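A short write-up of the structure that comes next.
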DNA sequence: GTGGTCTAGACCACA
DNA sequence: GTGGTCTAGACCACT
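Protein chains in written order, with this note's numbering: chain A, 35 to 169; chain B, 35 to 169; chain C, 35 to 169; chain D, 35 to 169.
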């Protein structure tokens, strides 16, 4: 379910963050669903609990989950937090990458195809696995 | 012109790479234009020359510029190198970010608007400024 | 084991890259095998760690190894990266060298013998030692 | 006729050496033919004469041409010099690159096709232009 | 302990 | 003057 790549250049905790984000975004983890406890997940993935901790903290900071003392961590999903800053950041990043894509010769049609692809897989509740990344 | 953030988590040389890519993509730096010499730029930004070199080297590896020993570094721009690998990478990243954008509530219409915006500013030779990022 | 030539015109880090490539290609270093750490190798060869790092970084860029921050550097070997650009480059270089070989009087038969020789030694897991080069 | 690439990473004098080697190998410059004088060639290519000098010196050292004081430089072609060292060197280099080619997935058939290709273009007296090289 | 970044300063090769 | 390599030594992030 998590398929961490211990060999990837990307720190494990970041992989966890990204993976969980994906699961939340794609509705695999539903609103208010409880995430596995730090200890359990750590054991499952045979990873240091600190690493899990760090990932959960990061997700909370970004508004994807919320933690309740003594109960655990839960999916936020509707993003009650103030997105505006986040949205602005994502848009800026997107602009940069779109510019790079166009520069590399990717056509607008291809870009739009990408969008509809992603959009469909998201609404279907797919799990679009397109990870790896090994600079 | 460069606005480096020495305190950022993102390495200085990477900031430089991104910035220069932007300038090249947006045609602010034109084909075969000479980049500032390693030492000059280093002095301007009060940064160690080695750091500049690392950035230039990376840009060269990615096909954006070329460097000649006793002469200097120049914009490549026509991308004669085989960039299929680069394209694949960019597409994957775009997919991830589109997914995140949709999750944050950005609509497809907004995404398409972004594309046309970028497309126009690029062909106009604009420079879309929008940096920051202090993770 | 490494036999660096500090006086050669070829940079030390390039010598290292070539040598390690050879070891990987000839299966002396096996898949996922851990390379000596930057510092250890630096001490062994009495060379600055930065130089080793440069070599490792280059090998990573070319897809031969991968490095993970707190863990070490490891052999990639399966070449999952898109190497079409690399292939093209190697082919062009080969053409030049074949032309030179023919000029020097090496016959086509000899060239074909070379190929089968190399092919066999590679599949056998040999290590064909034949360095030097002091331009 | 020379098509130097002033933008290439490869030093100009080396480009000259390679180019002249090619011309000699492909019989475009015939035995005992006089090469253009340093000054003339320098003017033609609008290049510093020192650079030409360096190239000619290198070619002479490698046995491709011979220089007669006061007369000029001439093509050697039959290689009266002792090739054995040169041959050995080329063979070793070839072995390395064949190994790399095989590792990258190039098939033996492709390699043999390369050989016949080169062989034909050489005997035809072609000018196989496959330069560039822009690391 | 691992890789990664950065600095300061030296020296070389090319034009 | 240009890029390129190398050293020595410091500090950071991840495990």
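By construction, the Cβ of each residue, glycine as well, lies at the ideal position given by its N, Cα and C atoms.
In this text the structure is predicted, and so the values were computed from the model without any measurement.
Residues near residue i by beta carbon distance below 7 Å, same chain, minus five either side
{"i": "residue 72 of chain D", "result": "83, 86, 87, 90"}
{"i": "residue 144 of chain D", "result": "none"}
{"i": "residue 164 of chain C", "result": "Note that residue 164 of chain C scores a pLDDT of 44, beneath 50, so its modelled location is shaky and nothing firm can be said."}
{"i": "residue 117 of chain B", "result": "97"}
{"i": "residue 36 of chain D", "result": "53, 79"}
{"i": "residue 48 of chain A", "result": "none"}
Integer Cβ distance of residue i from residue j, believed to fall under 8 Å
{"i": "residue 149 of chain C", "j": "residue 132 of chain D", "result": "6 Å"}
{"i": "residue 140 of chain C", "j": "residue 134 of chain D", "result": "Rounded, the Cβ-Cβ distance is 19 Å, inconsistent with contact."}
{"i": "residue 56 of chain C", "j": "residue 130 of chain D", "result": "7 Å"}
{"i": "residue 138 of chain A", "j": "residue 124 of chain B", "result": "6 Å"}
Residue range of the alpha helix (DSSP H) that includes residue i
{"i": "residue 137 of chain A", "result": "118-137"}
{"i": "residue 99 of chain D", "result": "That residue, residue 99 of chain D, is in no alpha helix (DSSP H); its beta strand (DSSP E) goes 99-102."}
{"i": "residue 86 of chain A", "result": "83-95"}
{"i": "residue 57 of chain B", "result": "46-59"}
{"i": "residue 146 of chain D", "result": "142-157"}
{"i": "residue 73 of chain C", "result": "72-78"}
Neighbourhood of residue i by C-beta distance below 8 Å, restricted to the same chain and skipping five residues each side
{"i": "residue 54 of chain A", "result": "63, 69, 89, 93, 98, 99"}
{"i": "residue 74 of chain C", "result": "none"}
{"i": "residue 108 of chain A", "result": "66, 67, 68, 69, 99, 100, 101, 102"}
{"i": "residue 76 of chain C", "result": "82, 83, 85, 86"}
{"i": "residue 121 of chain B", "result": "none"}
{"i": "residue 29 of chain A", "result": "The structure shown has nothing for residue 29 of chain A, since chain A only spans 35 to 169."}
Close-in-space but distant-in-sequence residues of the same chain around residue i (CB under 6 Å, 5 per side omitted)
{"i": "residue 111 of chain B", "result": "65"}
{"i": "residue 50 of chain B", "result": "89"}
{"i": "residue 162 of chain A", "result": "Note that residue 162 of chain A scores a pLDDT of 46, beneath 50, so its modelled location is shaky; the value from the coordinates is reported in the next line. So the qualifying residues of the chain are 155."}
{"i": "residue 126 of chain A", "result": "none"}
Run of the beta strand (DSSP E) containing residue i, from where it starts to where it stops
{"i": "residue 107 of chain C", "result": "106-109"}
Beta-carbon gap between residue i and residue j smaller than 9 Å
{"i": "residue 153 of chain A", "j": "residue 128 of chain B", "result": "no"}
{"i": "residue 119 of chain B", "j": "residue 95 of chain C", "result": "no"}
{"i": "residue 146 of chain D", "j": "residue 146 of chain C", "result": "yes"}
{"i": "residue 105 of chain B", "j": "residue 40 of chain D", "result": "yes"}
> Of all the residues that make up the segment 51-78 of chain B, which are near chain A by a beta-carbon distance shorter than 9 Å?
Replying inline: 52, 55, 56, 58, 59, 60
> Relative to chain A, which residues along the segment 90-104 of chain C have a C-beta separation below 7 Å, given in chain order?
Replying inline: 100, 101, 102, 103
>> By the 9 Å beta-carbon criterion, what residues does the segment 112-144 of chain C contribute toward chain D?
In response: 113, 117, 120, 121, 123, 124, 125, 126, 127, 128, 129, 130, 131, 132, 133, 134, 135, 136, 137, 138, 139, 140, 142, 144
>> Any C-beta of chain D within less than 7 Å: which residues of the segment 144-157 of chain C qualify?
In response: 145, 146, 148, 149, 152, 153, 156
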